[in-house]
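Chemist: First the structure, then my questions, so here it is.
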Amino acid sequence: MFWSSFNNRCYKYVSTQMTWADAELYCVSQGANLVSIHSLDEHNFITNMIKNFDHAARINWIGLSDLHKEGRWMWSDGCAVKFTFWSPGQPDNYHGREDCGHTNGRDKKWNDLPYGPEVRLQRGNCPMFWFSFNNRCYKYVATEMT
4 MFWSSFNNRC YKYVSTQMTW ADAELYCVSQ GANLVSIHSL DEHNFITNMI KNFDHAARIN
64 WIGLSDLHKE GRWMWSDGCA VKFTFWSPGQ PDNYHGREDC GHTNGRDKKW NDLPYGPEVR
124 LQRGNCPMFW FSFNNRCYKY VATEMT
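Put into structure tokens, the structure is as follows:
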């Protein structure tokens, strides 16, 4: 796949189905993060890009999560959350398990979901608060930056 540009930022659509955490790790391995969206124009660019690659416009992860603290949404790239575009009634943390943001194929707005179809991340042989991926240990650190 190729990269697209909007407002001096680069974007790449990846069609492989992954959990939120695996998608973020993939992005980091590419020198990037899951997308952080800062305006309605940027949101519209993202949803149009998704539609170009995925005509069904299924669920697509964005870099928004409240993994660090419930109800305190943060972008995985460390940018402050100043713009949101939640579907009505969202985020709802359904059954207390929804911590990751995605674009909703129906109304193009945002919803919260668990990490993905798989169960929560396994810690494996990693220290507490770290998780294992491809035999390596990772720690999600959400640092609010100004």
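The numbering of the sequence shown is this note's numbering, which starts it at 4 and goes up by one. Glycine is no exception: its CB is placed at the ideal position from the N, C-alpha and C atoms. Please read these numbers as outputs of a predicted model, since none were measured by experiment.
Could you check which residue in Ser79, Ser18, His41 and Ile65 has the C-alpha nearest to that of asparagine 55?
Modeler: Nearest option by C-alpha distance: Ser18.
Chemist: In this structure, does DSSP put leucine 43 in helix, strand or coil?
Modeler: DSSP places leucine 43 in helix when its eight states are reduced to three.
Chemist: Please return the same chain residues whose Cβ sits closer than 6 Å to the Cβ of cysteine 13, not counting the five positions on each side in sequence.
Modeler: Taken in chain order, the residues that qualify are Trp6.
Chemist: On the DSSP letters alone, give me the boundaries of the beta strand (DSSP E) that serine 8 sits inside.
Modeler: Residues 6-9.
Chemist: Distance check for methionine 52 and histidine 46, CA to CA, integer angstroms please.
Modeler: Rounded to the nearest angstrom, the two C-alpha atoms are 10 Å apart.
Chemist: Going by DSSP in three states, aspartate 115 sits in which element: helix, strand or coil?
Modeler: Strand.
Chemist: Nearest-angstrom Cα distance between glutamate 27 and aspartate 102?
Modeler: Distance between the alpha carbons of glutamate 27 and aspartate 102 is about 14 Å.
Chemist: Is the beta carbon of aspartate 80 closer than 8 Å to that of glycine 92?
Modeler: Not in contact: glycine 92 and aspartate 80 (Cβ atoms no closer than 8 Å).
Chemist: Where cysteine 82 and serine 39 are concerned, what is the direct C-alpha to C-alpha distance, given to the nearest angstrom?
Modeler: If I take the Cα positions, the gap works out to 7 Å.
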